[in-house]
Amino acid sequence: MTDRYRTFMILAECKSFTETAKRLFCSQPTVSQHIQQLENEYNCKLIKRHKRAIELTDKGQLLLQYVERMHHLSQELKHKMDSLIATESHVSLYMSHYIASHYFEQLFQGAQALTSTYPCEMNSMEYEKLKKSLFEKHAKFAVMSIYEDDPIIEEQFHIDILFEENFVLVVAPEHPLASRKVVYVKDLEEQAVLLPHSTHIAEDIKQVIQAKEVSVYYMNMTNFDLIHKAVQQGLGLAFLPEKMVENDPAVKIKHVKGLNIRRKVAIVKDKEQLLTAGEEAYYAHIKERLSTQVAI
């Protein structure tokens with residue numbers, strides 16, 4: 001809103017040139033000049049003097065309605081712009097439960113400069129919910145596993161592969177296979193194999209085992225963390241990402257000869273939405289930290 005309209009609005013409130021000049025920290029001639037400019041612009045009288053006070057004419061009352069509306073819209077615009085700036089500096093991160101749980105230190109250790117410049121909100125969720133967040137454009141990018149049997153992800157989004165992780169056989173120390181130097185696929189015969197509810201990796205594990213014509217039975221559990229605990233208690237064996245069990249003395253890691261289970265982890269990015277400066281910074285940071293797999 002221009003100075004002329006601001007002067008007019010305050011004069012309508014104060015009903016005094018002197019008080020208006022004080023409020024605006026200007027001279028009375030400046031106030032008079034602003035009112036004169038408005039009257040010239042609209043070719044009509046906007047004010048009249050009555051008993052040493054200033055009153056608005058009918059046209060002045062009409063102009064005041066629009067000036068107040070302009071002022072309200074100006075304040076509303078400023079508020080929304082401020083909110084947008086705050087939103088742009090605040091970054092929403094989306095990643096799988098597994099990445100958030102087992103790569104948190106690698107991602108954020110020593111990253112205080114980034115997190116203080118661009119505060120972040122972390123959302124960890126399972127695969128299908130991450131997909132939904134991407135398709136509904138809540139997430140501009142997500143750090144997640146990708147699977148060949150779900151090609152829509154690679155078709156619809158930009159994919160930056162970060163790394164490929166190996167799955168290993170995990171058993172309790174008391175399990176008969178724990179002491180074996182070499183484990184063959186046939187050794188899994190009639191064993192209880194624990195699987196996560198996540199359809200894609202569960203199907204990948206099943207297909208690899210079925211291709212070897214080995215008969216096992218399956219028990220489904222919510223996620224890898226629960227399966228990990230179940231293996232520790234001797235409830236069955238499982239194929240888990242090597243990263244999550246490599247330093248756990250409560251289980252034994254075995255590599256099954258002739259069995260190869262791997263999956264890719266990537267940043268899945270919306271092709272249409274532009275990233276803010278903060279989002280670009282986190283994208284680059286995550287890519288550097290995870291694609292190199294260097295200990296921090």
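Each residue of the sequence shown is one higher than the one before, counting from 1 in the UniProt record's numbering.
Note that beta-carbon positions come from the ideal geometry of N, C-alpha and C, so glycine has one too.
Within its chain, find whatever has a CB closer than 6 Å to the CB of L162; leave out the 5 residues flanking it on each side and keep chain order. V265, A266, L290 and S291
Express the C-alpha separation of L226 and N260 in angstroms, rounding to a whole number. 23 Å
Where does V265 fall in DSSP's three states? In the structure shown, V265 sits in a strand (DSSP, three-state: E or B).
Inspect the CB distances between the stretch 268–283 and the stretch 191–199 and report whether three or more fall short of 8 Å. no
Mind checking which residues open and close the alpha helix (DSSP H) that includes A211? T199 to A211
Establish whether the CB of M122 and some CB of chain D are separated by less than 8 Å. Here chain D cannot be found, since the structure has a single protein chain.
For Y218, write down the residues that DSSP places opposite it in a beta bridge. V193
Residues near L107 by beta carbon distance below 6 Å, same chain, minus five either side: R289
Segments of 3+ residues assigned as beta strand (DSSP E) that fall wholly inside the stretch 86–167: 91–96, 120–125 and 141–146
Taking contact to mean 3 or more Cβ pairs, one atom from each stretch, closer than 8 Å, check whether the stretch 143–155 and the stretch 96–107 are in contact. yes
Is the beta carbon of L6 sitting closer than 8 Å to the one on Q37? A quick correction: the sequence has Arg, not Leu, at residue 6. Cβ distance not < 8 Å, so R6 and Q37 don't count as in contact.
Put H255 into one of helix, strand or coil per three-state DSSP. coil
Environment of I152 [buried if 16+ CB atoms lie within 10 Å]: With fewer than 16 Cβ atoms within 10 Å of its Cβ, I152 is classed as exposed.
Nearest to E148 (by Cα), restricted to the options L188, Q207 and L169: Q207
Going by DSSP in three states, V171 sits in which element: helix, strand or coil? strand
For the alpha helix (DSSP H) containing P241, list its first residue and its last residue. Taken as a continuous stretch (DSSP letters only), P241 belongs to no alpha helix (DSSP H), being part of the beta strand (DSSP E) at L237 to P241.
Report yes if the C-beta distance between S16 and I47 is below 8 Å; otherwise report no. no
Whole angstroms are fine: how far does the CA of R69 sit from the CA of P29? 26 Å
N- and C-terminal bounds of the beta strand (DSSP E) containing R23: Per DSSP, R23 lies in no beta strand (DSSP E); the unbroken alpha helix (DSSP H) holding it starts and ends at F17 to L24.
Report, in whole angstroms, the separation of the C-beta atoms of M219 and A250, which I expect to be a contact under 8 Å. Contact flag wrong, Cβ pair sits at about 19 Å.
Can you give, in chain order, each stretch of the alpha helix (DSSP H) that sits fully within the stretch 20–73 and has at least 4 residues? 28–42
Three or more beta-carbon pairs under 8 Å between the stretch 162–175 and the stretch 236–250, yes or no? With a cut-off of 8 Å, the stretch 236–250 and the stretch 162–175 count as touching, because enough Cβ pairs lie within range.
For K183, name the three-state secondary structure that DSSP assigns. Looking at the sequence shown, residue 183 is not Lys but Val. In this structure, V183 counts as strand in the three-state DSSP scheme.
What is the rounded straight-line gap between the Cα of K252 and the Cα of A178? Roughly 6 Å between the two C-alpha positions.
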